[in-house]
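One structure is given below, encoded as structure tokens.
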Amino acid sequence: MAVAGLTCCVGGPALIYYVSPTEEELFLRYNPELQKRSLENRVGKQEDFDNFVARLKEYSKSDRPIWVEAEEAARKKSQWQD
Numbered sequence: 036m037a038v039a040g041l042t043c044c045v046g047g048p049a050l051i052y053y054v055s056p057t058e059e060e061l062f063l064r065y066n067p068e069l070q071k072r073s074l075e076n077r078v079g080k081q082e083d084f085d086n087f088v089a090r091l092k093e094y095s096k097s098d099r100p101i102w103v104e105a106e107e108a109a110r111k112k113s114q115w116q117d
């Protein structure tokens, strides 16, 4: 019984790791047009993600929940744009 449990606990994740493609393999499966578009948009998406993480770090400095801080920042931004 212990052998079966060990096989499931170790073998299951090992099988998933073996079967799952890497990011490079997925990228190579794209058609050439999608590869080109993905490479063009990569820098912009990375900058957006970096900005998102920076905002989250800024929001987390407060004692209030992050979603409250984000809502308040969005409200201030919309008032500033008006």
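Residue numbers 36 to 117, in the numbering used here, belong to the letters of the sequence shown in order.
Positions of the beta carbon are idealized from the N, C-alpha and C atoms, including for glycine.
As summarised for the segment 65-106, the continuous alpha helix (DSSP H) elements at least 4 residues long and confined to that stretch are 67-95, given in chain order.
Membership of Val-38 in the alpha helix (DSSP H) is indicated by the continuous run 37-41. Annotation for Gly-47: the continuous alpha helix (DSSP H) segment containing it runs 47-54. The Cβ atoms of Glu-104 and Ser-97 sit closer than 8 Å to each other. In terms of Cβ geometry, Ser-55 and Tyr-65 do not form a close pair [threshold 8 Å].
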